[in-house]
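Colleague: Input: one structure, supplied below.
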Amino acid sequence: MSDCPEPTLTTRRKWRTKSRKGCQSCKARKVKCDEQRPSCLNCIKRGTRCDFLTSQTPTPSFVTTPNLELELLHHFTVSTSSTLTTEPQVRELWRVLVPQIGFSTRYILDGVFGLAALHMGRYNPARRDQLLTQATHFHTMSLEQALPLIPAIAPQNGSHLFLFGVLTLIFCLARPKKEDDMLVIGNGVIPEWLYLLRGMDALVEAETAIKSSPVSLIYRTSDDSFGFWKAHSPEDNESLNQLESKIRSLSSQDARKQAVLLEAVDALKRSYTFSSKKFSEHDKLRGFYTWLFKVSDQYLELLKDADSEALCVLAYFSVLLKQLEGYWWLEGWGVHLVRRVYMLLNDEYRLLIRWPVEEIGWVPESY
1 MSDCPEPTLT TRRKWRTKSR KGCQSCKARK VKCDEQRPSC LNCIKRGTRC DFLTSQTPTP
61 SFVTTPNLEL ELLHHFTVST SSTLTTEPQV RELWRVLVPQ IGFSTRYILD GVFGLAALHM
121 GRYNPARRDQ LLTQATHFHT MSLEQALPLI PAIAPQNGSH LFLFGVLTLI FCLARPKKED
181 DMLVIGNGVI PEWLYLLRGM DALVEAETAI KSSPVSLIYR TSDDSFGFWK AHSPEDNESL
241 NQLESKIRSL SSQDARKQAV LLEAVDALKR SYTFSSKKFS EHDKLRGFYT WLFKVSDQYL
301 ELLKDADSEA LCVLAYFSVL LKQLEGYWWL EGWGVHLVRR VYMLLNDEYR LLIRWPVEEI
361 GWVPESY
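Just so you know, UniProt numbering puts 343 at position 343 of the sequence shown, and the rest follows in order with no gaps.
Set out below in structure tokens:
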């Protein structure tokens, strides 16, 4: 319990909904379904095919054609691939090797098509709605094929499933945002991409194979990021120190919550290290996704419960997102996230996120 009064129900709004129309798998097992589409979280965890995937099949008027797939492949190789990284070698990998892998692994090719359709839709208003529908279709097809493979990751498919996780992450960040989307929490549940990336612990079993595979450059870049992140002490940040002091003031009854929040703040301080001018844009991107990997499941549970201190930490994380808006698939996330957090806090806690609000340049409206 905080020393400060808890927000009232009118200012601390939760976005959780009850499940009434769960998938058939959850109904058969008599467990609560989060109704997340295109696959509920329970089915993702079990590696089973969710019947929501079937319901996502496009209507005949939106069925894909070979010409569309060729157009999307061309767009990915000449345009989209160059927007995914600033490192020349990795960019070439996306442009050449990833499509080649897709020719023998359909869920990778569908992931490529889906991302290319989202990217193309940004610059083609006349076809935007159609391309968004097609993007969702390809993303769903990719999930349907790859999800059942995740519980049994092996050296033979480890590199492809790792690549699938990266494509899924970028796709989910790039697609249109929902009003209640909190990046790591949406509609009261953990989004599919975060579960996939955090839950693929079995990749360790295939690590040697991945490092000797064509996608090794992407994997090693991620591995190097974690090494750097661990090796450097957190940089001092006066505003984060104030938030840290607030967390330390929690009563002894909240010792467990305090430890979880301080761990998240420490991880954020380390990620802020990448924001220094001496680091490249790609290094800043490393700081962003390293924090997502490092925060605990307990912290995510606090966010699901709209815990005020946890939301404040998330507001500070939004500053990293604002610095990465050069990547089209992260555009708008900084403002979107800090605005959503602000709406969920009362006036007292809103003062604690004054620095990220000002740093991002967002002007609060009246709520």
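All C-beta atoms, glycine included, are put in the ideal place defined by N, C-alpha and C. For clarity, every value in this text was computed on a predicted model and none was experimentally measured.
Could you work out which residue in T168, D307 and Q145 is closest to G114 when comparing CA atoms only?
Modeller: Answer by Cα proximity: T168.
Colleague: Which residue wins for smallest C-alpha separation from D180, given the options L149, W333 and L324?
Modeller: It is W333.
Colleague: Assuming P234 contacts K269 under a Cβ cut-off of 8 Å, what Cβ separation, rounded to an integer in Å, is found between them?
Modeller: The Cβ separation is near 3 Å, so the contact holds.
Colleague: Could you tell me the distance, in whole angstroms, from the CA atom of P148 to the CA atom of N157?
Modeller: Going by the C-alpha atoms only, they are around 12 Å apart.
Colleague: Work out the CA separation of D347 and E365 for me, nearest whole Å.
Modeller: Roughly 13 Å separates the two Cα atoms.
Colleague: Any chance the segment 351-360 sits against the segment 319-333, with 3 or more Cβ pairs inside 8 Å?
Modeller: Judged by Cβ distances under 8 Å, the segment 351-360 makes contact with the segment 319-333, as three or more pairs qualify.
Colleague: To the nearest angstrom, report how far apart Q258 and K304 are at their CA atoms.
Modeller: For Q258 and K304, the distance between alpha carbons rounds to 16 Å.
Colleague: What residue range is occupied by the uninterrupted alpha helix (DSSP H) comprising K322?
Modeller: First-last of the alpha helix (DSSP H) with K322: S308 to K322.
Colleague: Enumerated in chain order, which unbroken segments of the alpha helix (DSSP H) with a length of 4 residues or greater are wholly contained in the segment 80-166?
Modeller: Whole alpha helix (DSSP H) segments, 4+ residues: 88-92, 98-104, 106-122 and 128-146.
Colleague: What's the C-alpha gap between F162 and W94?
Modeller: Looking at the two C-alpha atoms, the distance is approximately 14 Å.
Colleague: For a test of the three-state rule: what should DSSP assign to Y327, helix, strand or coil?
Modeller: Note: Y327 maps to coil in three-state DSSP.
Colleague: In terms of residues, what are the limits of the alpha helix (DSSP H) holding F293?
Modeller: Run containing F293: E281 to K294, per the alpha helix (DSSP H) assignment.
Colleague: Helix or strand or just coil, what does DSSP make of G332?
Modeller: The answer is coil: DSSP assigns G332 none of H, G, I, E or B.
Colleague: For E301 and A310, I'd like the C-alpha separation in whole angstroms.
Modeller: If you take the alpha carbons of E301 and A310, they lie about 9 Å apart.
Colleague: To the nearest angstrom, how far is the alpha carbon of T77 from that of S252?
Modeller: Each residue's Cα considered, the two are about 56 Å apart.
Colleague: Measure the alpha-carbon distance for R106 versus Q145 and round it to whole angstroms.
Modeller: Roughly 8 Å between the two C-alpha positions.
Colleague: Following the continuous alpha helix (DSSP H) through S239, name the residue where it begins and the one where it ends.
Modeller: Looking at the DSSP string, the run of the alpha helix (DSSP H) that includes S239 is E238 to R248.
Colleague: By Cβ distance below 7 Å, which residues in the same chain neighbour L330 in space, the five residues on each side in sequence not counted?
Modeller: L173, L321 and L324.
Colleague: Tell whether a beta-carbon distance below 8 Å holds between V338 and A315.
Modeller: Taking 8 Å as the Cβ cut-off, V338 and A315 qualify as a contacting pair.
Colleague: Around the Cβ of residue 377, are there at least 16 other Cβ atoms within 10 angstroms (buried) or fewer (exposed)?
Modeller: What is shown of the chain runs 1 to 367, which leaves residue 377 out entirely.
Colleague: Can you tell me where the alpha helix (DSSP H) holding N67 begins and where it ends?
Modeller: Counting along the chain, the alpha helix (DSSP H) containing N67 begins and ends at P66 to V78.
Colleague: Could you tell me which of R91, T85 and P125 sits nearest to R286, measuring between CA atoms?
Modeller: The residue with the shortest Cα to Cα distance from R286 is T85.
Colleague: With DSSP collapsed to three states, give me the class of G361.
Modeller: In the structure shown, G361 sits in coil (DSSP, three-state: anything other than H, G, I, E or B).
Colleague: State buried or exposed for A135, treating a residue as buried only when at least 16 other CB atoms are found within 10 Å of its CB.
Modeller: That one is buried.
Colleague: Take L183 as the anchor and find which of C26, V335 and R350 has the nearest alpha-carbon.
Modeller: With distances taken between Cα atoms, L183 lies closest to V335.
Colleague: Alpha carbons only, please: which of W328, V313, Y327 and F274 is nearest the one belonging to Y349?
Modeller: Cα-wise, what sits closest to Y349 is V313.
Colleague: Which same chain residues, not among the five before or five after E281, have their C-beta less than 7 Å away from its C-beta?
Modeller: Counting only Cβ-Cβ distances below 7 Å, and skipping sequence neighbours, we find T86 and G326.
Colleague: Give the single residue among A126, E35 and H160 whose Cα lies nearest to the Cα of L97.
Modeller: Minimum Cα distance to L97 is reached at H160.
Colleague: Within 10 angstroms of its Cβ, does S39 collect 16 or more other Cβ (buried), or is it exposed?
Modeller: With 16 or more other Cβ atoms within 10 Å, it is buried.
Colleague: DSSP three-state call for residue 373: helix, strand or coil?
Modeller: With the chain running from 1 to 367 in the structure shown, residue 373 is simply not present.
Colleague: Answer with buried or exposed for R354, where buried requires no fewer than 16 other C-beta atoms within 10 angstroms of its C-beta.
Modeller: By the 10 Å Cβ count, R354 comes out exposed.
Colleague: For R127, which residues of its own chain have a beta-carbon under 8 Å away from its beta-carbon, when the five flanking residues on both sides are left out?
Modeller: Excluding sequence neighbours, R127 sits near M120 and G121.
Colleague: Helix, strand or coil for D305 per DSSP?
Modeller: Reduced to three states, the DSSP call for D305 is coil.
Colleague: Under a Cβ-count criterion, where at least 16 other Cβ atoms within 10 Å of its own Cβ denotes burial, should residue 368 be classed as buried or exposed?
Modeller: Residue coverage of the chain in this structure runs from 1 to 367, which leaves residue 368 outside it and unanswerable.
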